[in-house]
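Heads up: the structure comes next, in structure tokens.
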Amino acid sequence: MGRAVTVATCALNQWALDFEGNLERIFRSIVIAKSKGARYRLGPELEICGYGCSDHYYESDTLLHSFQVLEKLLESPATQDIICDVGMPVLHRNVRYNCRVIFLNKKILLIRPKISLANAGNYRELRWFTPWSKARHVEEYFLPRIIQEVTGQETVPFGDAVLATKDTCLGAEICEELWAPNSPHIEMGLDGVEIFTNSSGSHHVLRKAHARVDLVNSATAKNGGIYILANQKGCDGDRLYYDGCAMISMNGETVAQGSQFSLDDVEVLVATLDLEDVRSYRAEISSRNLAASKVKPYPRVKVNFALSCPDDLAVPTCMPIQWRHHSPEEEISLGPACWLWDYLRRSKQAGFLLPLSGGIDSSATACIVYSMCHQVCLAVKNGNADVLADARRIVNDETYIPEDPQEFCKRVLTTCYMASENSSQDTCNRAKLLAEQIGSYHINLNIDAAVKAVVGIFSVVTGRTPQFSVRGGSSRESLALQNVQARIRMVLAYLFAQLTLWARGMPGGLLVLGSANVDESLRGYLTKYDCSSADINPIGGISKTDLKNFIQYCIENFQLTALRSIMSAPPTAELEPLVDGQVAQTDEADMGMTYAELSIYGKLRKIGKAGPYSMFCKLINLWKEIFTPREVASKVKHFFRMYSVNRHKMTTLTPSYHAENYSPDDNRFDLRPFLYNTSWSWQFGCIDKQVN
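Residue numbering for the sequence shown follows the UniProt record's numbering, starting at 1 and increasing by one per position.
Right, dumping it as structure tokens:
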């Protein structure tokens, strides 16, 4: 009697609409799974076309090419004698569904459509797909001719069913269904399903991984069973980084853990588990067994195949392990670094250009690129041929081997300090020292001539010359002069990104990196179309508080001592004149609020769904020891005035790595107006009434 089943799950770095590459990675995962003895292989959600196709799901081409890939998988010898579970969009009776297609030996066993669609935050599945609403119901699906010719089947089961093999019963969930309050695994488990599968397209958010792990383990803690989770990994074409964490759990305990961040395009986890452990675990849970006796049964698709072998008494089974979570600082070091690597190699550019100011934000961005260089060298050392091939193409050297992170950083990162008459020698020195320690190719330049030329044009046309406020000018004049400096830096950043390698006799161009953090973006404390305008921004979803902790992490782990003086210096834009050679302008004074306060405002506004009045009500309790109600009211009003006045800047925000759930990203995560009545008269009136 077979009792030891060997199953495989994987994390694949799929790319939206890269059907050829996606097929190759799926094949590779199946081959690895079979080589390790697996009889079942689970892949990520929508892995054939890539999860992030967005409005391309509307196109018939996406459906056609997905079936063409499925055809290749079905007819390949590599997929024989293993149950393969792949994800793709399917049109059934003119309705588009997000589906699992499960097949064995050139026969499709079941097409299982997604029941609960993800439609919050970054997810918009209801825009493209319809949820399957017919519980425990199966219909006939008429296969396209190209599939019929391979399988010999005209129709296959389509709907909410489970698979009954010779030795066990398997039921599928798809991503969001694990997070739903009425997850299918509950009723499936009561109906005798012993192995639950979940194909996910779940992206990284700081401090989120434990929630996913807890959900998987709790799914089988109360009901018993084996839970297998697959996930996408990498940047598949937009702001999100899918963070792997493929895992296998049994009876509430993790037995196999995949990596959260890595440069491996294909990662396969295989575990051998004893079905009798599931059965004995369930046997003593009387409440579960009473509920099971009343459950409505699922349709079962009979499969003439076993996941175990008849004589398996000597087969060793996997034991529980302790899940190892990354600290938030490690997540910042690794997640955005992997995202940058995917973006760099897939955009076919030759590296990055970063305006390096000597402040915390741009320094943190430089450190993330340096971490990327560490990851590349480590991957090559561990024999990753894909990473080596990409690195050689990026540096245009077919014999190159990246071994030293500093040396590789010099090839792929150009940093540029753009001084003006308002810049201090301190920030110049800090930027230069950090560039030396990480190894970047560093440029020092002065923008004063360009600033004077632009202001000179205005003076010639109008006959007026604006002045800084410290020299007698109005606040409007001072702000305009600051913005000119900031915008000229953006223009120069793109000029040097396009032509620096040309000037050095090297091919290719550079991607411009932005370095505005999530708090500054929320407050609008940035110049529209300045150096916050870039190609991509690895820290745009990370708070100032977390970035400071990350800087400390880099001091300790990368031995970047230059960061000590950067950490101790007050954040400043250095756009106003110096006073006695020293910086007089600071960010927090300019903003009228601290970065710590900004993080609180951001979380209450987005995660807490608080408008001005609700935010005031929450903060008078949170801050009752440090501020009077009137002071709290003043702070809340100031935040909402500044937020609403500057919201238009979010419409042009550089695509940023999504890492924080209070991100103000206007693209699809934080959908708000950008023309507000900034007086908030009714809302502020309610606050004033409570204050009085």
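Using N, Cα and C, we set each Cβ at its ideal position, and we do this for glycine too. Predicted model, so just to flag it, every value in this text is computed and none were measured.
Residue i: first and last residue of the uninterrupted alpha helix (DSSP H) it sits in
i, result
"Arg630", "629 to 645"
"Met88", "Careful: Met88 lies outside any alpha helix (DSSP H), inside the beta strand (DSSP E) at 83 to 92."
"Arg96", "Unbroken run through Arg96 is the beta strand (DSSP E), 95 to 104; no alpha helix (DSSP H)."
"Arg300", "Here Arg300 belongs to no alpha helix (DSSP H); instead the beta strand (DSSP E) covers 300 to 302."
"Asp567", "Per the sequence presented here, residue 567 reads as Met, with Asp not at that position. Unbroken alpha helix (DSSP H) run through Met567: 563 to 568."
"Met615", "612 to 622"
"Ile488", "475 to 503"
"Ser347", "328 to 347"
"Glu20", "19 to 35"
"Met250", "No alpha helix (DSSP H) contains Met250, which is instead part of the beta strand (DSSP E) from 247 to 250."
"residue 715", "As shown, the chain starts at 1 and ends at 692. That puts residue 715 outside it, with no answer to give."
"Pro184", "184 to 190"
Span separating the alpha-carbon of residue i from that of residue j
i, j, result
"Thr561", "Leu413", "19 Å"
"Lys302", "Val138", "14 Å"
"Ser116", "Ile83", "24 Å"
"residue 780", "Ile457", "No answer is possible for residue 780: the residues shown for the chain start at 1 and end at 692."
"Trp339", "Gly540", "13 Å"
"Trp680", "Ile32", "60 Å"
"Asn537", "Asp397", "27 Å"
"Gln68", "Val95", "20 Å"
"Leu622", "Glu71", "59 Å"
"Asp160", "Glu187", "12 Å"
"Thr462", "Val455", "11 Å"
"Leu91", "Ile687", "52 Å"
"Asp546", "Tyr553", "10 Å"
"Thr500", "Leu563", "26 Å"
"Ala135", "Leu275", "27 Å"
"Asp361", "Ile607", "24 Å"
"Pro571", "Val268", "44 Å"
"Phe639", "Asn646", "11 Å"
"Ser420", "Val484", "11 Å"
"Val156", "Val101", "10 Å"
"Gln232", "Ala8", "15 Å"
"Val369", "Ile285", "52 Å"
"Leu240", "Tyr657", "6 Å"
"Arg145", "Cys175", "30 Å"
"residue 694", "Arg28", "Nothing in the structure corresponds to residue 694, since the chain is present only between 1 and 692."
"Tyr529", "Arg41", "48 Å"
"Ala431", "Ser515", "14 Å"
"Ala256", "Ala283", "24 Å"
Bridge partner(s) assigned by DSSP for residue i
i, result
"Ala8", "Arg41, Val270"
"Phe352", "Leu413, Leu511"
"His442", "Thr415"
"Thr79", "DSSP lists no partner for Thr79."
"His203", "Tyr242"
"Tyr141", "Val156"
"Met591", "None; Met591 has no bridge partner."
"Val518", "Val518 pairs with nothing; no bridge assigned."
"Ser308", "Val5"
"residue 710", "Since the first residue of the chain shown is 1 and the last is 692, residue 710 is not available in this structure."
"Leu537", "In the sequence as displayed, the identity of residue 537 is Asn instead of Leu. Bridge partners of Asn537: Ser656."
Closer than 7 Å: residue i CB and nearest the ligand NAD heavy atom
i, result
"Asp264", "Absence of the ligand NAD is noted for the structure shown, with no ligands found whatsoever."
N-terminal and C-terminal residue of the beta strand (DSSP E) that residue i is part of
i, result
"Phe129", "Looking at the DSSP string, Phe129 is not in any beta strand (DSSP E), and its letter there is neither H nor E."
"Leu109", "107 to 113"
"Val162", "162 to 164"
"Cys169", "169 to 174"
"Gln232", "226 to 234"
"Thr317", "First-last for Thr317: undefined, no H or E at that position."
"Val255", "253 to 257"
8 Å contact criterion, which residue i and residue j should meet: CB distance rounded
i, j, result
"Cys373", "Cys409", "5 Å"
"Leu353", "Ala497", "4 Å"
"Pro358", "Ile566", "The amino acid occupying residue 358 in the given sequence is Gly; Pro does not appear at that position. About 7 Å separates the two Cβ atoms, so the contact holds."
"Leu46", "Asn98", "6 Å"
"Thr317", "Ala4", "6 Å"
"Tyr242", "Ser202", "7 Å"
"Thr254", "Asn217", "6 Å"
"Tyr58", "Gln14", "So it is not a contact: roughly 20 Å between Cβ atoms."
"Asn122", "Arg672", "In fact, because the Cβ distance is near 15 Å, the residues do not count as touching under 8 Å."
"Leu481", "Met418", "At roughly 16 Å, the Cβ-Cβ gap does not stay under 8 Å, so Leu481 and Met418 are not in contact."
"Tyr643", "Gly524", "7 Å"
Segment contact flag, the region 423 to 434 with the region 388 to 405, C-beta cutoff 8 Å, min 3 pairs
Short answer: they don't touch.
Segment contact flag, the region 223 to 238 with the region 195 to 207, C-beta cutoff 8 Å, min 3 pairs
Yes, they touch.
Indicate whether the contact test is met: 3 or more Cβ pairs, each with one atom in the region 163 to 181 and one in the region 295 to 309, closer than 8 Å.
Judged by Cβ distances under 8 Å, the region 163 to 181 makes contact with the region 295 to 309, as three or more pairs qualify.
On the three-pair Cβ rule with 8 Å, is the region 205 to 215 touching the region 318 to 333?
Yes, the region 205 to 215 touches the region 318 to 333.
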